[in-house]
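Participant: The UniProt record's numbering applies: residue 1 is where the sequence shown begins, and numbers increase by one.
Where a beta carbon is used, it is the ideal one built from N, C-alpha and C, also for glycine.
Have a look at this one.
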Amino acid sequence: MPAAYVLVLFLALASLGSHSRSRAIAGDCPLDFSWSNISLASSACANQNERGKCCRYLNAIVAISIARFANATGRLGVPPAVTEGCLSSIPETLSLYGIPASASVFCGLGPKIRVSYQCQGRATVLEMMQSPNFSDVIETCNVPLSLDNSCKRCLNSGIIYLHHLIATDDNITLSVCRDAVFVTLANQGGNFSAVDMAACFFGVQGLSIFPGPSAMFRRFAYKEMKKATENFSTVIGKGGFGTVYKAQFVDGPIAAVKRMDKVSKQGEEEFCREIELLARLHHRHLVALKGFCAERNERFLVYEYMENGSLKDHLHSSGRKRLSWRTRLQIAIDVANALEYLHFYCDPPLCHRDIKSSNILLDEKFVAKVADFGLAHASRSDAIIFEPVNTDIRYMDPEYVVTQELTEKSDIYSYGVLLLELVSGRRAIHENRNLVEWSQKFLATDSRLPELVDPATGDSFDFEQLHMVVELIKWCTHKEGRARPSIKQVLRVFSEHLDPVQNGFSENEEGDGYVGGRSSEARIHRNEVIPYSGDVRCLQSSSSTSRSYCSRSVLLESGSPQSPPGMFSL
Numbered sequence: 001m002p003a004a005y006v007l008v009l010f011l012a013l014a015s016l017g018s019h020s021r022s023r024a025i026a027g028d029c030p031l032d033f034s035w036s037n038i039s040l041a042s043s044a045c046a047n048q049n050e051r052g053k054c055c056r057y058l059n060a061i062v063a064i065s066i067a068r069f070a071n072a073t074g075r076l077g078v079p080p081a082v083t084e085g086c087l088s089s090i091p092e093t094l095s096l097y098g099i100p101a102s103a104s105v106f107c108g109l110g111p112k113i114r115v116s117y118q119c120q121g122r123a124t125v126l127e128m129m130q131s132p133n134f135s136d137v138i139e140t141c142n143v144p145l146s147l148d149n150s151c152k153r154c155l156n157s158g159i160i161y162l163h164h165l166i167a168t169d170d171n172i173t174l175s176v177c178r179d180a181v182f183v184t185l186a187n188q189g190g191n192f193s194a195v196d197m198a199a200c201f202f203g204v205q206g207l208s209i210f211p212g213p214s215a216m217f218r219r220f221a222y223k224e225m226k227k228a229t230e231n232f233s234t235v236i237g238k239g240g241f242g243t244v245y246k247a248q249f250v251d252g253p254i255a256a257v258k259r260m261d262k263v264s265k266q267g268e269e270e271f272c273r274e275i276e277l278l279a280r281l282h283h284r285h286l287v288a289l290k291g292f293c294a295e296r297n298e299r300f301l302v303y304e305y306m307e308n309g310s311l312k313d314h315l316h317s318s319g320r321k322r323l324s325w326r327t328r329l330q331i332a333i334d335v336a337n338a339l340e341y342l343h344f345y346c347d348p349p350l351c352h353r354d355i356k357s358s359n360i361l362l363d364e365k366f367v368a369k370v371a372d373f374g375l376a377h378a379s380r381s382d383a384i385i386f387e388p389v390n391t392d393i394r395y396m397d398p399e400y401v402v403t404q405e406l407t408e409k410s411d412i413y414s415y416g417v418l419l420l421e422l423v424s425g426r427r428a429i430h431e432n433r434n435l436v437e438w439s440q441k442f443l444a445t446d447s448r449l450p451e452l453v454d455p456a457t458g459d460s461f462d463f464e465q466l467h468m469v470v471e472l473i474k475w476c477t478h479k480e481g482r483a484r485p486s487i488k489q490v491l492r493v494f495s496e497h498l499d500p501v502q503n504g505f506s507e508n509e510e511g512d513g514y515v516g517g518r519s520s521e522a523r524i525h526r527n528e529v530i531p532y533s534g535d536v537r538c539l540q541s542s543s544s545t546s547r548s549y550c551s552r553s554v555l556l557e558s559g560s561p562q563s564p565p566g567m568f569s570l
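Next comes the structure, spelled out in structure tokens:
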């Protein structure tokens, strides 16, 4: 058998296949898939042009999960009694991470991607280690595999081992034994990292194993909610849909728990199904949903904890450090990226319907993430509204009074108000008038534009950038929705005016007390540029899921990818 042919088998999965199975609950399968953030895999599987990469990721994910199972049991896969349960539940489990169930079909989960790696009668790690010449594979592969030469030597050693062990050219047998080699090596300790091994064996990058407790999206018990919030005493915020608590779970990091005040008439099963669909939305500028609880006629949603609270707090609450001009523009771009994901990369497209400063949360590095999807709904031809409109009137599209319908262009109007709030530092209602009306006297002439800027920014703003943002504000808050831009057009304006390639890059350290988190704050003068934290995520879309795999259901809340696809949410 040619060595090159076997090498291909090490690096690629077999092509399409199907396997019909009966539905089984996740509890039937002992494999744990909560060990990693697998957004890169979900991105590949959402792109029909990357099916090969998707299948390599899927094989690697299953193989690492089996390696972790082998570490506890010594077995090269699950027992026969639970094989069918695993094959039935794995697609459903992976769908919680944004990997469509169809990927399991076209990659051949079952007939080609197995959950048991019995190789030539060997069913345990020990039996593989005792097979002829396997010690040579261990010796060759017991080095860091991040270097190409080390990986190639390890693969070649495996090729030679399989050539002597298997007297057949059957692709399935070779694939199963390849995976058995992987699992056995991953359980050797030392330099044998399962993730590094997966990068070498399956040709995938970006997988990582979370240290410590599982980070899996999960269903919590009511008693866990009560304990984590110290009997619901750790209140950190309140909103139209409920109270938010800071929560410390025994087996995980700090989280934010929203206790919903208004429990709809939908049944628990329907609620759980919609929450599972919501969990498929992944983006670096959406607040991540970690889990939920539905007990005692109560509904709880568990989110990642955002260290720096809301944008509203930083703009309007005393005692907060000032947000620099650059940070404000960066936040505006972050939110635009989130809206682009909802408007263009979900099927059907989604409208948020409640964009406002209190729904923009900031992490420890002041990266902005959109929250509170309690009002989000399918838009355009699939417009289905499951909940009554409760949008903040200060940000509400004036067309709604006539049409009684909120669309993507309604989100654009609210975004324009948010831009105005970022620039001015004023609340959405100022001097008993809505902010758009109040600001007209400053927007009318260029000479008065500096008066519009929040004094807290000092002289750090650049007039040309201010003029650009003001033009966006006017465009976004046009009274007629059809005259407003799409969010892609908004991002294009930011790109054209702030692209480091076009405008150059400069940064001056000031240390003047401004907050900015992602990189040290600098005073921005004429012709300077926002450095985008050293990457291009603000100049293009960062979708971690494509438009085909977003939830079609009413989204009960959460919060945010982008234009030319290229940056993934990790």
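Is N71 helix, strand or coil when you go by DSSP?
Facilitator: Here the question's residue 71 lines up with position 71 in the sequence shown. Note: N71 maps to helix in three-state DSSP.
Participant: Using three-state DSSP, classify R526 as helix, strand or coil.
Facilitator: In the sequence shown, the residue the question calls residue 526 occupies position 526. In this prediction, R526 scores a pLDDT of 34, lower than 50, which makes its location untrustworthy; the coordinate-derived value is nonetheless stated afterwards. Three-state result, R526: coil.
Participant: Quick check: the Cα distance between E421 and C346, rounded to an integer number of angstroms?
Facilitator: For the purposes of this step, residue 421 is taken as the residue at position 421 of the sequence shown. For the purposes of this step, residue 346 is taken as the residue at position 346 of the sequence shown. Cα to Cα, the separation comes out at about 28 Å.
Participant: Identify the residues that DSSP records as bridge partners of I113: which are they?
Facilitator: The sequence position of residue 113 within the sequence shown is 113, counting from 1. DSSP, once it has assigned bridges, lists L109 as partnering I113.
Participant: Give the range of the alpha helix (DSSP H) segment to which A44 is assigned.
Facilitator: If you number the sequence shown from 1, residue 44 lands on position 44. First-last of the alpha helix (DSSP H) with A44: 39 to 45.
Participant: Indicate the three-state DSSP secondary structure (helix, strand or coil) for M197 in the structure shown.
Facilitator: Sequence index remark: in the sequence shown, residue 197 carries index 197 (1-based). M197 falls in the helix class under three-state DSSP.
Participant: Assuming K246 is part of the alpha helix (DSSP H), what are its boundary residues?
Facilitator: Residue 246 sits at position 246 when you count from the first residue of the sequence shown. First-last for K246: 242 to 248, but that is the beta strand (DSSP E), not the alpha helix (DSSP H).
Participant: Exposed or buried, what is P349 when buried is set at 16 or more other beta-carbons lying within 10 Å of its beta-carbon?
Facilitator: The residue you call residue 349 lines up with position 349 of the sequence shown. Answer is buried; the Cβ neighbour count reaches 16.
Participant: If F292 sits next to I275, beta carbons under 8 Å apart, how far is it from one beta carbon to the other, in whole angstroms?
Facilitator: Counting from 1 along the sequence shown, the entry for residue 292 is found at position 292. Counting from 1 along the sequence shown, the entry for residue 275 is found at position 275. Yes, F292 and I275 are in contact; Cβ-Cβ is about 5 Å, under 8 Å.
Participant: Am I right that T477 and V423 are in contact with their C-beta atoms under 8 Å? What's the rounded C-beta distance?
Facilitator: The residue given as residue 477 occupies position 477 in the sequence shown. The residue given as residue 423 occupies position 423 in the sequence shown. Between V423 and T477 the Cβ distance is about 12 Å, and since that is not below 8 Å, they are no contact.
Participant: Is the beta carbon of A41 less than 7 Å from the beta carbon of I99?
Facilitator: Translated into the one-based positions of the sequence shown, residue 41 becomes position 41. Translated into the one-based positions of the sequence shown, residue 99 becomes position 99. It is a contact, given that the beta carbons lie within the stated cut-off.
Participant: Count the other C-beta atoms from every protein chain shown that fall within 10 angstroms of the C-beta of L126, then say buried if there are 16 or more, exposed otherwise.
Facilitator: Numbered from its first residue, the sequence shown carries residue 126 at position 126. By the neighbour-count rule (16 or more Cβ atoms within 10 Å), L126 is not buried but exposed.
Participant: With distance defined between alpha-carbon atoms, name the residue in Y222, V367, F106 nearest to R296.
Facilitator: The sequence position of residue 296 within the sequence shown is 296, counting from 1. It is Y222.
Participant: Go ahead and pull the three-state DSSP assignment for F386.
Facilitator: By 1-based counting over the sequence shown, the position of residue 386 is 386. Interpretation of F386 is limited by its pLDDT of 38, a score under 50 that renders its predicted location unreliable; no figure is taken from the coordinates.
Participant: Beta-carbon within less than 7 Å of P455's beta-carbon, same chain only, minus the 5 sequence neighbours each way: which residues are those?
Facilitator: Working through the sequence shown from its first residue, we reach residue 455 at position 455. Excluding sequence neighbours, P455 sits near nothing in its chain.
Participant: According to DSSP, what are the bridge partners of Y303?
Facilitator: Residue numbering aside, residue 303 sits at position 303 when the sequence shown is read from its first letter. Per DSSP, A256, L289.
Participant: Are three or more beta carbon pairs between the region 131 to 144 and the region 83 to 91 nearer than 8 Å?
Facilitator: Cβ pair count under 8 Å is below three, so no.
Participant: Can you give me the Cβ contacts of I66 inside the same chain, cut-off strictly under 6 Å, excluding the 5 residues immediately before and after it?
Facilitator: Locating residue 66 in the sequence shown gives position 66, where the first residue counts as 1. G77, V183, listed in sequence order.
Participant: Using 8 Å as the Cβ pair cut-off and three pairs as the minimum, do the region 301 to 316 and the region 390 to 408 touch?
Facilitator: No: the two stretches stay apart, fewer than three of their Cβ pairs being nearer than 8 Å.
Participant: Sorted by chain position, which residues of the same chain lie with C-beta nearer than 8 Å to H497's C-beta, five sequence neighbours on each side aside?
Facilitator: Numbered from its first residue, the sequence shown carries residue 497 at position 497. E464, Q465, M468, N503.
Participant: Helix, strand or coil for I360? Go by DSSP, reduced to three states.
Facilitator: The residue given as residue 360 occupies position 360 in the sequence shown. DSSP places I360 in strand when its eight states are reduced to three.
Participant: Starting from A368, follow its DSSP beta bridges and name the residues at the other end.
Facilitator: Start at 1 with the first residue of the sequence shown, and residue 368 comes out as number 368. Answer by DSSP bridge pairing, in chain order: L362.
Participant: Which value, in whole angstroms, describes the spacing of the CA atoms of V257 and R328?
Facilitator: Counted from its first residue, the sequence shown places residue 257 at position 257. Counted from its first residue, the sequence shown places residue 328 at position 328. Taking the straight line from one Cα to the other gives about 27 Å.
Participant: Using the DSSP secondary-structure output, state which residues sit across from R218 in a beta bridge.
Facilitator: Residue mapping note: residue 218 aligns to position 218 of the sequence shown, counting from 1. For R218, which the question treats as bridged, DSSP gives the partners G291.
Participant: Quick check: what's the CA-CA separation for L147 versus I209?
Facilitator: On the sequence shown, position 147 is the one that residue 147 refers to. On the sequence shown, position 209 is the one that residue 209 refers to. C-alpha separation (whole angstroms): 20 Å.
Participant: With DSSP run on the structure shown, which of helix, strand or coil describes C29?
Facilitator: Residue numbering aside, residue 29 sits at position 29 when the sequence shown is read from its first letter. Coil at C29, not helix or strand.
Participant: Does the separation of the CB atoms of I64 and A194 fall below 7 Å?
Facilitator: Working through the sequence shown from its first residue, we reach residue 64 at position 64. Working through the sequence shown from its first residue, we reach residue 194 at position 194. In contact: I64 and A194 (Cβ atoms closer than 7 Å).
Participant: From this set, L109, D354, T407, M197, which residue's C-alpha is nearest P485's C-alpha?
Facilitator: Taking the sequence shown and counting its residues from 1, the one referred to as residue 485 is at position 485. Looking at the Cα atoms, T407 is the closest of the given residues.
Participant: Which word fits L16, buried or exposed, when buried means at least 16 other C-beta atoms lie within 10 angstroms of its C-beta?
Facilitator: Here residue 16 refers to the residue found at position 16 when the sequence shown is read from its first residue. Caution applies to L16, whose pLDDT of 30 falls short of 50 and renders its modelled position unreliable; the model cannot decide the point.
Participant: In terms of residue numbering, what span does the beta strand (DSSP E) encompassing G237 cover?
Facilitator: As a working note, residue 237 is residue 237 in the sequence shown. Where G237 is concerned, the enclosing beta strand (DSSP E) stretches over 235 to 239.
Participant: Please find out if some non-hydrogen atom of the ligand FAD comes closer than 6 Å to the beta-carbon of S39.
Facilitator: As far as ligands go, the structure on display features none, and thus does not contain the ligand FAD.
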